[in-house]
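Colleague:
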Amino acid sequence: MSESASKPAVTRKSAFSCEACRKRKVKCNGTTPCARCAARGDNCIYSLTPTLSYTKALESRIAELEETLTRVQSGRNGGDVDLKPLKQQQQRQHDVEDSGMNASRTAVSSDSHSAEDDRTASDLTRDIEGLKVGDDGRISLYGPTSLFQLPSGLAHESLGPLPESQELDGRKERLINNAWRERAFEQLATIPDPFQYLLDSHWCWIHPLFNFVYRPAFTRDMKLNGPYYSEILLNAILSHSARWCKDEPKIAHQIKSYGGESAFSHRACSSLFDSLKAGNGHITIVQSLLILSAQECGRGNRTQAWLFSGMAFRLVEDLGITIDSRKYSGSVEFSDEDIEIRNRLFWTCYFWDKLVSLYFGRSPIIQDTPVSPPQILLDDTAELEIWTPHGVVFPEGTHYPPAQAHATSCFMKVCSLAEILNQIIIHIYDPIRKSTEAEFLRCVQQQSSNLEKWWGELPVFLKLIVDDLPPYSPPSHIVTLNCLYHTTNILLHRPTLCSRPFRVSSQVTDNAKPLVQCISSATSIITLFDLYRRTFGDGHVVLSIAYSIYTAASIFLLELQALRYACPSTLAKLRFCMVTLDRVTSANPVIKTALSLIDQELKKLGIDVLNASNHSHQPVSFAEEPSPSQGYQIQTPHSSYTVPPHGAFSITPPPLADHHGTNHDQNQTDIAPDPLLAIPSTLKQESVHAIAPELFEAFSYIEPLSPNMIGVFETDWNNGE
């Protein structure tokens, strides 16, 4: 054996990229801060030690520069200076930089093929010459092969100076001052009902999480008829809000007097088609298409929903919103507000693309690239606003205490969660791109780590620990964020339950993890929604929450199928899901399809979940429940697995006040318990995550309920209404 072979391998380190650039796998120019971190406002950190060869090359270069500087200074004193050696040194400097970058790429090639990624990122930026304003005044982005511009021999990564921290601070201050000013003017505006009522509903229940519209610009241009307002967008918002408000006693009559939800929708669609036919591509058209897509998703109109979202994504690319509008502005002069709106709209589209891909079981379209807008919102005024549940009528003597919205943080976190979800959809659920078993396992491992990191970094004011919930629900968008986290966790681990690696792996702890994660997150979802409905009722449940409940139900179905008998605790949780889904079908008719699919599977199992007395078998034995701080021990045939405390299940008490009254409408807090939504009190004394050995063993033989459970929303959708 050679001497080199006998020595342990030494891991080479790379210090030519900062932490942020190495994470994104893009080229770093090595400055402090580097160009990309300065543009995105990220902290630029170099944590690795440079290679010895690169350090020596730099030392040699410094010595040469010092020698040249000495000659230049002597030349100023009357001597002649030969600049030829300087040019040779410059050439050597380029060689040093090239060798340094090559060393960096070699050091990390075995991990992530960063050399190819760096070259790809560089190629992307070189191909972009910036946005252009056409003869018709439209802002567009065209590539070098298009019919609308001649190819240029010059390539520039950045057509403008990178922003310094002072410039970013200045932009942020101007945007915030403008936002507060417009919010003050908005309070003075007099808009008649039902229009003001429906707008307020949108700002409360939809806007904080989805950010379809930049509020300060919309409300200002509504008065001035400016570019960020249009009647199409207004009617789209009114139509979308009417889904939830049409049954509210305070405003229902006025909505009907204007023709109801369908009238607003008809006006929005008619004007939209006329605008598209005329070739008018504006940001308000994109926003209208996104809102109409969300509305049609809830209705169950699959073709309309898919087409509206697809047109929005195409138009976003046509307008050049998919690239950093500040860095690649080209000949266009954007204001601070223009850049803020375009950045927000890109990430809104990115997030909505992942949701609509889930609903349809299809591939996502919009991807984050090295030239995409930064994930930064400079206007964070929505973070400090007070959130109140619009349209919810609380029983006499009770009220919802003031709560800070934290809307900016919530939106940024849901966007970063969407990045994880994007990888899960592509590598696990894409119906066209079939991953190998190795790719599948690698995706599960990587995204499990990313998801754990995401949860660990989630601010405490956004994180809901289900065994330590407050007495009343936080703002709805925060609940939705947490439900989407648990949904993503289920979607990541659910395929492993029925996969071959789960059955044959010799590591019992590894086998237990996907089962634990799925049951933990499924139970957490219904716990969070139990708190939500006790606080706000059932009248403002968005489709993303309903989808989370449906995803939780899929896990309880798998439990029943694995056990082959009606376990009372599992039946109670599945019953909760089904009754909840049935109660939200008024605003989300598409849920009827999901309920039908669940009912079909239960009939195959011979189980009537709505019959509370249908407990022909005793449930599996549960271990005694430990304290929340200790976690939950899951007994497997050979070892135990500890569930994180945040996965525990608890029955939430009625919030706000101890008030017993008559039945209320969906928009009134339902303090009186619904027997079908009640979960047996026996669960209070048992640990629902103390998985019995027979359940663990049963999952080793289970087959999936359907080949692709993520796409079941698409099955048998209505063709239209």
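Residue 1 is where the sequence shown starts when you use full-length UniProt numbering, and the numbers rise one by one after that.
Note that the Cβ used here is the ideal one computed from N, Cα and C, for glycine as well.
As the structure is a computational prediction, the values presented were derived from the model and not from experiment.
(1) Take L492 as the anchor and find which of V542, L417, A562, L481 has the nearest alpha-carbon.
(2) Which residues does DSSP pair with Q404 in a beta bridge?
(3) Look at the alpha carbon of L384 and the alpha carbon of A407, and state the distance between them as a whole number of angstroms.
(4) Taking 8 Å as the threshold (C-beta atoms), are V371 and C349 in contact?
(5) Would you kindly report the start and end of the unbroken alpha helix (DSSP H) that includes R442?
(6) Cα separation between G298 and D468?
(7) Just how far apart, CA to CA, sit I526 and K573?
(8) Please state whether DSSP places A252 in a helix, a strand or coil.
(9) May I ask you to verify whether the segment 243-259 touches the segment 303-319, counting CB pairs closer than 8 Å and requiring at least 3?
(10) Output the distance between the C-alpha atoms of L451 and L484, rounded to the nearest integer angstrom.
(11) Skipping 5 residues on each side, what residues in its chain have a beta carbon closer than 7 Å to that of E296?
(12) Tell me whether C18 sits in a helix, a strand or coil according to DSSP, three-state version.
(13) Please report the residue range of the alpha helix (DSSP H) in which E559 lies.
(14) Since H202 is in the alpha helix (DSSP H), which residue starts that stretch and which ends it?
(15) Could you give the distance in angstroms between the alpha-carbon of Y532 and the alpha-carbon of P33?
(16) Give the secondary structure of H399 by DSSP, where H, G and I count as helix, E and B as strand, and everything else as coil.
(17) Count the C-beta pairs between the segment 594-607 and the segment 360-376 that are closer than 8 Å, then say yes if the count reaches three, no if not.
(18) Mind checking which residues open and close the alpha helix (DSSP H) that includes N343?
(19) Buried or exposed for D274, please, with buried defined as at least 16 other CB atoms from any protein chain shown within 10 angstroms of its CB.
(20) Quick one: what does DSSP say Y429 is sitting in, helix, strand or coil?
(21) For S230, which residues of its own chain have a beta-carbon under 6 Å away from its beta-carbon, when the five flanking residues on both sides are left out?
(22) Could you tell me whether the Cβ atoms of Q447 and I490 are closer together than 8 Å?
(23) Less than 8 Å between the CB atoms is what I'm expecting for P208 and A403, so what's the real figure, rounded?
(24) Going by DSSP in three states, I232 sits in which element: helix, strand or coil?
(25) Quick check: S524 and H486, are their CB atoms within less than 8 Å of each other?
(26) Thinking C-alpha only, which one of E601, K603, S586 is nearest G300?
(27) Could you give the first and the last residue of the continuous alpha helix (DSSP H) run that contains Q295?
(28) Pull up the distance between the alpha-carbon of E396 and that of P389, whole angstroms please.
(29) Classify D221 as helix, strand or coil using the three-state DSSP reduction.
(30) Have a look at D336, I365, W347 and flag the residue whose alpha-carbon is nearest the alpha-carbon of R172.
(31) Could you spell out where the alpha helix (DSSP H) holding F576 opens and where it closes?
(32) Rounding to the nearest angstrom, what Cα-Cα distance links I432 and I366 in this structure?
(33) On the three-pair Cβ rule with 8 Å, is the segment 241-252 touching the segment 189-198?
(34) List the endpoints of the continuous alpha helix (DSSP H) containing I478.
(35) In whole angstroms, what is the alpha-carbon distance linking E439 and I428?
Modeller: Answer, in terms of the structure:
(1) What you label residue 492 is simply residue 492 of the sequence shown in a count that begins at 1. Here the closest residue by C-alpha is L417.
(2) In the sequence shown, the residue the question calls residue 404 occupies position 404. DSSP, once it has assigned bridges, lists I386 as partnering Q404.
(3) Translated into positions along the sequence shown, residue 384 becomes position 384. Translated into positions along the sequence shown, residue 407 becomes position 407. Each residue's Cα considered, the two are about 8 Å apart.
(4) The count along the sequence shown starts at 1 and reaches residue 349 at position 349. The count along the sequence shown starts at 1 and reaches residue 371 at position 371. Contact: no.
(5) Here the question's residue 442 lines up with position 442 in the sequence shown. Start and end: 437-457.
(6) Taking the first residue of the sequence shown as position 1, residue 298 is located at position 298. Taking the first residue of the sequence shown as position 1, residue 468 is located at position 468. Each residue's alpha carbon lies about 32 Å from the other.
(7) In the sequence shown, counting from the first residue as 1, residue 526 sits at position 526. In the sequence shown, counting from the first residue as 1, residue 573 sits at position 573. So the alpha carbons of these two residues sit roughly 8 Å apart.
(8) Walking along the sequence shown from the start, residue 252 turns up at place 252. Three-state DSSP puts A252 in a helix.
(9) no
(10) What you label residue 451 is simply residue 451 of the sequence shown in a count that begins at 1. What you label residue 484 is simply residue 484 of the sequence shown in a count that begins at 1. Rounded to the nearest angstrom, the two C-alpha atoms are 12 Å apart.
(11) Here residue 296 refers to the residue found at position 296 of the sequence shown. Excluding sequence neighbours, E296 sits near Q304, A305, F308.
(12) Within the sequence shown, numbered from 1, the residue matching residue 18 stands at position 18. C18: coil per DSSP, three-state reduction.
(13) Here residue 559 refers to the residue found at position 559 of the sequence shown. That run of the alpha helix (DSSP H) goes 543-563.
(14) For this step, residue 202 is matched to residue 202 along the sequence shown. 195-205 is the span of the alpha helix (DSSP H), which, as asked, contains H202.
(15) Indexing the sequence shown from 1 puts residue 532 at position 532. Indexing the sequence shown from 1 puts residue 33 at position 33. So the two alpha carbons sit approximately 44 Å from each other.
(16) As a first step, residue 399 is located in the sequence shown; it is residue number 399 there, counting from the start. Three-state DSSP puts H399 in coil, outside helix and strand.
(17) no
(18) Your numbering for residue 343 matches position 343 in the sequence shown. For N343, the enclosing alpha helix (DSSP H) stretches over residues 336-360.
(19) The residue given as residue 274 occupies position 274 in the sequence shown. The residue in question, D274, is exposed, as its Cβ has fewer than 16 Cβ neighbours within 10 Å.
(20) Translated into positions along the sequence shown, residue 429 becomes position 429. Helix at Y429.
(21) The sequence position of residue 230 within the sequence shown is 230, counting from 1. Only T284 meet the Cβ criterion.
(22) As a working note, residue 447 is residue 447 in the sequence shown. As a working note, residue 490 is residue 490 in the sequence shown. Not a contact, by the Cβ cut-off of 8 Å.
(23) By one-based count along the sequence shown, residue 208 stands at place 208. By one-based count along the sequence shown, residue 403 stands at place 403. In fact, because the Cβ distance is near 12 Å, the residues do not count as touching under 8 Å.
(24) The residue you call residue 232 lines up with position 232 of the sequence shown. Assigned with DSSP and collapsed to three states, I232 falls in helix.
(25) The sequence position of residue 524 within the sequence shown is 524, counting from 1. The sequence position of residue 486 within the sequence shown is 486, counting from 1. Yes, the Cβ-Cβ distance between S524 and H486 is below 8 Å.
(26) Numbered from its first residue, the sequence shown carries residue 300 at position 300. Minimum Cα distance to G300 is reached at S586.
(27) As a working note, residue 295 is residue 295 in the sequence shown. Looking at the DSSP string, the run of the alpha helix (DSSP H) that includes Q295 is 283-299.
(28) Working through the sequence shown from its first residue, we reach residue 396 at position 396. Working through the sequence shown from its first residue, we reach residue 389 at position 389. Cα to Cα, E396 sits roughly 16 Å from P389.
(29) For the purposes of this step, residue 221 is taken as the residue at position 221 of the sequence shown. It is helical.
(30) Counted from its first residue, the sequence shown places residue 172 at position 172. The sequence shown places Lys at residue 172, not Arg. Measuring from the Cα of K172, the nearest candidate turns out to be D336.
(31) On the sequence shown, residue 576 is found 576 positions in, with the first residue counted as 1. Run containing F576: 568-583, per the alpha helix (DSSP H) assignment.
(32) The residue you call residue 432 lines up with position 432 of the sequence shown. The residue you call residue 366 lines up with position 366 of the sequence shown. Approximately 17 Å, taken between the alpha carbons.
(33) Counting Cβ pairs under 8 Å, three or more are found: they touch.
(34) Looking up residue 478 in the sequence shown gives position 478. Element bounds for I478: 476-497.
(35) As a working note, residue 439 is residue 439 in the sequence shown. As a working note, residue 428 is residue 428 in the sequence shown. Cα-Cα distance, rounded: 9 Å.
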